[in-house]
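Residue numbers (this note's numbering), protein chains in the order written: chain A, 71 to 178; chain B, 301 to 415. Step one of this worksheet: look at the structure below.
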């Protein structure tokens, strides 16, 4: 079992829908990153969280340390949001553990 | 604050050729990671440095891959000779060591295509 689990693995939605991607982890972490990867392979760091909630434009990320769970939300989704979203956690041994990613496809 | 810099962004080479990637981490970040991400898979740790020492290189294919981090700052990852299965995104990241404050940052990656 991976120490960082993401769900869903794949998600297809209509433009405008509210999107939620979940990340659960089983180890102690110092912080968690949400990354966006487009088909060309480039990685964009969206958020780094160690507690609470962060918002940037239409993106919102939350983390609950007690429940070992984080969510990434996209409001008013758009086809350009189509990408793979990856959750990555830094554990207490300075290892970065990646989720397997969520492939999001937003239909126009 | 400047991010983790990687170059080149893209590289296409023929099999059996050599290639090198460069990473400049966040200033002050002692830990530097190189990951390999094959299409459709999650990133796999190739090597982890703390300053200029190797912490973990257990998954580095040492017959063809090498990495160094001279002076504990920037790092290069080399593949010699490349194989078709080396086609992947090579991702560099850096973090503050053992501080518990979670400061870690990713580069944008280098996409390698071996033909």
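Note that CB positions come from ideal geometry on N, CA and C, so glycine has one too. Nothing here was measured: the structure is a model prediction, and the numbers come from that model.
Following the DSSP letters along the chain, one finds residue 406/B inside the beta strand (DSSP E) bounded by residues 404-406. Residue 101/A: member of the beta strand (DSSP E) spanning 99-107, first to last residue. Secondary structure of residue 368/B (DSSP, three-state): strand. With contacts defined as CB atoms closer than 7 Å, residue 83/A and residue 156/A fail to qualify as a contacting pair. The bridge partners DSSP lists for residue 342/B come to none. By the C-beta density criterion, residue 312/B is exposed, having fewer than 16 other C-beta atoms within 10 angstroms. The C-beta of residue 88/A comes no closer than 7 Å to any C-beta of chain B. Per the coordinates, the alpha-carbon of residue 364/B lies some 35 Å from the alpha-carbon of residue 117/A. At a C-beta separation below 9 Å, residue 406/B has these neighbours in chain A: 103, 105, 113, 114, 115, 158 and 166.
Here residue 386/B carries a helix assignment [DSSP, helix/strand/coil].
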